[in-house]
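So the protein sequences, as listed, match chains A and B.
According to the numbering used here, the first sequence is numbered sequentially starting from 228.
According to the numbering used here, the second sequence is numbered sequentially starting from 1174.
Quick reminder that beta carbons are idealized off the backbone N, C-alpha and C, glycines included.
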Amino acid sequence: MSISVQHLTKRFGTFLALDDLCLEVPSGELIALLGPSGSGKTTLLRIIAGLEAPDGGAVLYGGAEVTDSRVRDRNVGFVFQHYALFRHMNVFENIAFPLRVRRWPRAKLDARVRELLRLIQLESLERSLPSQLSGGQRQRVALARALAASPGVLLLDEPFGALDAKVRQELRQWLRRLHEEIHVTSVFVTHDQEEAFEVADRVVIMNQGRIEQVGTPAEIFEQPANAFVMDFLGNVNVFHGRVRGGQAELASLAVDCPDYPDDEERAATGFVRSHELDILRVQNGRPALPADVVHINPARPVVKVRLYAPAFGLPLNVDLSWDRFSELQLKPGEQVFVSPRRLRVFVEDAVI
Amino acid sequence: MSEPTISRALHDPPLVRVTLILAALAIMGVLIVIPLVSVFYQAFANGVDAYVQSLVGNADTLHAIRLTLVVAPIAVVANLVFGVAAAWAIARFRFPGRTLLTALIDLPFAVSPVVVGLFLVLIFGLQGYLGPWLREHDMAVIFALPGLVLATAFVTFPVVARELIPVLEAVGAEEEVAAVSLGARGWQVLWRVTLPNVKWGILYGVILCNARAMGEFGAVAVVSGRITGETDTMPLRVEKLFQEYDLPGAFAVASVLASLAVVTLVVKTALEWKTRRDLAATAREATATGHP
């Protein structure tokens, strides 16, 4: 079932949690809401579920408005960050709960719960209480419980947030495989971009109650829509400067900026990802700025070099391939030139 | 996980420690242990046969025991229903007047039971607001069973709610929200999720409420009229036997009430131990999975 979110607004006191937000989730898609804390992603999820009422706007499931219908009538599966399993019920009863409250006949209920236990591979633990399970097992039970009544949409609130790194990795891949099997329209909230990019068909980047960008992981990574997205994705070096007439000058780096042909001078910010910076012993005519090598961290697939450009008071992070690193023979304290292979310039709004 | 202990360096000098412990033990002994033991000692002073005889051989005493066994359960059931409803409302919802409701629940603990009794007489007594109407319809509240139940229920009203509010708050609303999201209606959430999670708190509240109900004296004394063989409950009977210099009889009934107190304390301790263990288990899980 598709989900359509239209012009949602939500305030908590004076805090604007959602600001006229619109989003379309086609049927069968797995979408991630990604953003810093306070960006409104969990509020959006809870309003889609019906756990929270919006101040304005509408939510539609499969084209039918559900804004005013209660959560229990929406037939959603909601997975909570801290599982919220019923502590006094065993695994079987937890998964059976949505079927019991719907008064399913016993044989049908039994068959459905067994099917789900197979799906989450916990058949041998059906008599265990939640307190006897590991975090990963609990979250699988919570997922099976949410799926038991065959919901039209599956909503997950930071589903792996409370798990350790290794289990999180396994569950991510498992969730992706599960989604390919059952194809239920799913929305999940996360603040972990790696998780969002790995699991989701499309990623929604949120900030201050608004959507900054929606796209496939590749689109977002390759074409960040604005400075916020670029910065949020992280691992970037930031250069501040000015732009006019299609030319930008950022910390002495002169680069073309065809997106801004106007003559009026504006503030601009340039972003270069760590792996898009090169280190040169001698200048080769390309834009470059002098910097001192501060620290070298080789304990990775790439060599992480930290530098400092004294002229601009600018710390820089560069990822070098091992080949390039052994070619350069860098030592801490040396003076070198740092040159961007690719620089993205975002012109700041005139009104600030 | 071991209990936190105070390191040796932080201990007070031995003399101070021993003095404090002895003082505490002495106060305990004088105020609690000696009276409790002497109640049983006096009750059994003339042997077990005399003890049994003074309980079942006296028709009025037997009636008082039976009356208490009728009044207390009715009051407990009423307070169970009100207590669960009030505790749920206070622990789960924020509404105007919530603080006032919390304060009102405690009112019966703050008011002298005698005042409560007078208050009931003022409403239901013959000269009271509802007295004439009740008499017209041939109903009696004061000097009758309904008055005893009302007085007992009023005085013990806070017990269940006060036990339950902290338990409900500790358990949290997350499972209830999950139940609603899974399609459960209000009653289903209450029966299948909320009540099973707080069952030990409820049981403890009921036991404590029952103990208070059976031992209630002041309010019941006022509304009962203290008619021997009709409206005397156990505590009233104890006092009456004592006034009549029937010490073996008075102590026999008193010992039954005292036993109830001991049983209540044992059950309370067992339940607290169990609740603490459950909460500790939950806390351990929380730490193990890394959420706060």
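Beta carbon of residue i nearer than 8 Å to that of residue j
{"i": "A/Gly433", "j": "A/Ser296", "result": "The amino acid occupying residue 433 of chain A in the given sequence is Met; Gly does not appear at that position. No, Cβ-Cβ distance for A/Met433 and A/Ser296 is not below 8 Å."}
{"i": "A/Val431", "j": "A/Leu257", "result": "no"}
{"i": "B/Leu1409", "j": "B/Ser1428", "result": "no"}
{"i": "A/Ala369", "j": "A/Phe307", "result": "yes"}
{"i": "A/Asp282", "j": "A/Lys335", "result": "no"}
{"i": "A/Leu405", "j": "A/Phe305", "result": "no"}
{"i": "A/Val380", "j": "A/Met228", "result": "yes"}
{"i": "A/Leu534", "j": "A/Val509", "result": "no"}
{"i": "B/Phe1292", "j": "B/Pro1331", "result": "no"}
{"i": "B/Asn1231", "j": "B/Pro1421", "result": "no"}
{"i": "B/Val1379", "j": "B/Val1254", "result": "no"}
{"i": "B/Val1362", "j": "A/Leu278", "result": "no"}
{"i": "B/Ile1296", "j": "B/Leu1337", "result": "no"}
{"i": "A/Ala291", "j": "A/Gly436", "result": "no"}
{"i": "B/Trp1373", "j": "B/Leu1444", "result": "yes"}
{"i": "B/Ala1425", "j": "B/Leu1274", "result": "no"}
{"i": "A/Asp384", "j": "A/Leu272", "result": "yes"}
{"i": "A/Val303", "j": "B/Ser1354", "result": "yes"}
{"i": "A/Ser548", "j": "A/Val529", "result": "yes"}
{"i": "B/Val1287", "j": "B/Gly1391", "result": "yes"}
{"i": "A/Ala199", "j": "A/Ile409", "result": "No answer is possible for residue 199 of chain A: the residues shown for chain A start at 228 and end at 579."}
Chain B contact for residue i (CB, 8 Å cutoff)
{"i": "A/Pro325", "result": "yes"}
{"i": "A/Arg299", "result": "yes"}
{"i": "A/Glu575", "result": "no"}
{"i": "A/His309", "result": "yes"}
{"i": "A/Ala291", "result": "no"}
{"i": "A/Val303", "result": "yes"}
{"i": "A/His315", "result": "yes"}
Per DSSP, cross-strand counterpart(s) of residue i
{"i": "A/Ile230", "result": "A/Val252, A/Tyr288"}
{"i": "A/Glu476", "result": "A/Arg469, A/Ala481"}
{"i": "B/Val1362", "result": "Answer is none; B/Val1362 lacks a bridge partner."}
{"i": "B/Phe1296", "result": "Looking at the sequence shown, residue 1296 of chain B is not Phe but Ile. For B/Ile1296, which the question treats as bridged, DSSP gives no partner whatsoever."}
{"i": "A/Asn434", "result": "A/Arg437"}
{"i": "A/Val532", "result": "A/Ile523, A/Val545"}
{"i": "B/Lys1372", "result": "Note: B/Lys1372 sits in no beta bridge, so no partner."}
{"i": "A/Arg551", "result": "According to DSSP, which records beta bridges pairwise, A/Arg551 is partnered with nothing at all."}
Contact with chain A by residue i, beta-carbon distance below 8 Å
{"i": "B/Met1174", "result": "At B/Met1174, the pLDDT of 45 sits below 50, so the modelled position is not reliable; the number obtained from the coordinates is stated separately. No, no contact with chain A."}
{"i": "B/Pro1369", "result": "yes"}
{"i": "B/Val1366", "result": "yes"}
Residue i CB to nearest heavy atom of the ligand SAM below 7 Å
{"i": "B/Val1353", "result": "In the structure shown, the ligand SAM is absent, as is every other ligand, since no ligand is present at all."}
Closer than 8 Å to chain C by CB, residue i
{"i": "A/Ala291", "result": "The chain labelled as chain C is not found among the protein chains of the depicted structure, namely A and B."}
Would you call the stretch 1237-1248 of chain B and the stretch 1400-1415 of chain B touching, i.e. three or more CB-CB distances under 8 Å? yes
- Query: Per the contact definition of three or more C-beta pairs closer than 8 Å, is the stretch 285-300 of chain A in contact with the stretch 454-468 of chain A?
  - Reply: no
Beta carbons nearer than 8 Å to chain A: which residues of the stretch 1334-1360 of chain B have them? Glu1347, Glu1348, Val1350, Ala1351, Ala1352, Val1353, Ser1354, Leu1355, Gly1356, Ala1357, Arg1358
Against chain A, which members of the stretch 1199-1226 of chain B pass a CB distance test of less than 7 Å? none
_Can you pull out the residues from the stretch 254-286 of chain A whose beta carbon lies closer than 9 Å to at least one beta carbon of chain B?_
Ala276, Gly277, Leu278
**Request:** Using a Cβ-Cβ cut-off of less than 9 Å, give me the residues of the stretch 1387-1418 of chain B that come near chain A, in sequence order.
**Result:** none
Contact list for the stretch 328-354 of chain A against chain B, Cβ threshold 8 Å = Val328, Arg329
Any C-beta of chain B within less than 9 Å: which residues of the stretch 232-250 of chain A qualify? none
**Message:** For the stretch 364-375 of chain A, list every residue whose C-beta sits within 9 Å of some C-beta in chain B, in sequence order.
**Reply:** Arg365, Ala369, Arg372, Ala373, Ala375
Sufficient close CB pairs (3 or more, under 8 Å) joining the stretch 554-561 of chain A to the stretch 516-533 of chain A: yes
Stretch pair the stretch 1204-1216 of chain B + the stretch 1383-1392 of chain B: three plus CB contacts closer than 8 Å: no
Does the stretch 542-559 of chain A come close enough to the stretch 467-485 of chain A that 3 or more CB-CB pairs lie under 8 Å?
-> no
_Count Cβ pairs between the stretch 1297-1307 of chain B and the stretch 1254-1272 of chain B that sit closer than 8 Å; are there 3 or more?_
no
Quiz item: Between the stretch 354-366 of chain A and the stretch 246-261 of chain A, do three or more beta carbon pairs fall short of 8 Å?
Solution: no
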